[in-house]
Structures are given as C-alpha cells and as structure tokens.
Amino acid sequence: MNISRPSRALLYGLLAAAVLVYALVLEYGLSAGKVHHGVTVDGDIELAGLTRLEAGELLQERTELLASQPLVFAARGVGRRTIEVADIGARPEPNETAAAAMAVGRAGGPWRALADRWTAWTGGIDIDWVGEPSRGSVSRFIEQIEERALDAGLSLNRCKLRGKIRRVATEWPREDFYRIPVREELPEGAVIRCWSQPQ
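Under my numbering, think of the first position of the sequence shown as 18, with each following residue one higher.
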C-alpha cells in the first residue's frame, strides 16, 4: 500500500498523540490518590507513590527526629550557640506538607497540572516544609549571636545566617555544628552588602 507523504505525516502525528494520551491516562491511573512521581520535600524526602496519609506519617517521623536534636551554631570568637527548632518558631507541619505534595499536578487548572506533572517526571519538584521558622524568633537568635560577635570584634553576616537557619531547621541528619558567618570587623565607613555594621 502506497501512502502519500502528507497522509503519512498525519498518521505519525495521530500515533504520537495516541501514545501521549495513553501515557497520560496511565499516569493518572497509577497516581490516583497518591503523590506524583518526582515529588520530594526538602530535597531528600521522597513521597512519590504514597497516599496523603502515608506521606503525613513519613513526614511525622522526620519532625520527631528534627525535634530530638537541637541546632548548634559555632564560630571562633563567638563560641557555640545551641537552640531547639521550636525556639526559632519552626513547627514543621507533616499533614499540611503532605497536602502540599498531593497538590502537585492537581492544582491550578488542567494546563498547570499537566505542566507540574511533566516537570515532576522529567526533573522533579521539591517542596518546602509548611511551618518554617518565625522571622521574629530567628531575628532574636541572630541578635544574641551578633552581640557576642561584636564583643569579640567580629562582623556578622546576618543575611547569610538567616538563610542558613531557615535551611538547616528541617535538615536531617544534622551536622555537629553549623558555622556562624563572621569575619574581622571592617574599617570605618566600609560597607559590604548583607554584612551588619556596628551602630
């Protein structure tokens, strides 16, 4: 049978569309009621294939681990500062985080859901914990560290420390300590963005 070139192109296009529709139907069926493939929390907690309840239980185990060991920050001249995750207002919410994971590929309308599923399958989607540290609690902790740094003649990078606290509050396993970003005090009038200057 001899098929013309335009008919052959149309046939291949229809075949590709049929394969795509089949793959979508298969993916919808495999992940019905489950977190989609490629969805992680905090970069290392794989939730793909879990129901919302199972994901919540897995995340609950992690929150118990996070609460079991304090965060330790240290630097020469400043010493060691230890703080519990709850004292910086971080209250990771396992069930709300599981709900956020379930929403990937299901929220935002059909095109957004399709785009999220494609991204999850091809490169993964990492979501943050719901219940991050409180700005006020973190600021108070940073002020305590900054006071010690200034007494030692050091300059504290508040922005970098704030980012580090937010990042490591839900990190597991914990490091023995996290380095406080300090350095020798700058000459009068020198300004470096994000580094706090004495008043």
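Just so it is clear, CB atoms sit at the ideal spot from N, CA and C, and this is done for glycine as well.
Query	Result
Output the residue ranges of the beta strand (DSSP E) runs that lie fully inside the stretch 134 to 207 and measure 3 residues or longer, sorted by chain position.	142 to 144, 171 to 173 and 199 to 201
Quick check on the burial criterion: 16 or more other C-beta atoms within 10 angstroms. Buried or exposed for N174?	buried
Look up T99 in the DSSP assignment and say whether it is helix, strand or coil.	strand
Verify whether the separation of the beta carbon atoms of V121 and V56 is less than 7 Å.	yes
Compare the beta carbon distance of A118 and V52 with 7 Å and say whether it is the shorter of the two.	yes
Cα separation between S213 and V95?	Caution is warranted here: a pLDDT of 47 is assigned to S213, below 50, making its placement in the model unreliable, and no coordinate value can be reported.
Hey, quick one: how far does the beta strand (DSSP E) through R91 stretch, first residue to last?	Before going further, note that residue 91 is Ala rather than Arg in the sequence given. Segment L88 to A92, the beta strand (DSSP E) holding A91.
Taking R183 as the reference, which of G153, D133 and A65 has the closest Cα?	G153
Ignore the nearest five residues each way along the sequence and tell me which others in P111's own chain have a CB closer than 7 Å to its CB.	G73, L76, Q77 and T80
In terms of residues, what are the limits of the alpha helix (DSSP H) holding T80?	R69 to S85
So what does DSSP say about E110, is it helix, strand or coil?	coil
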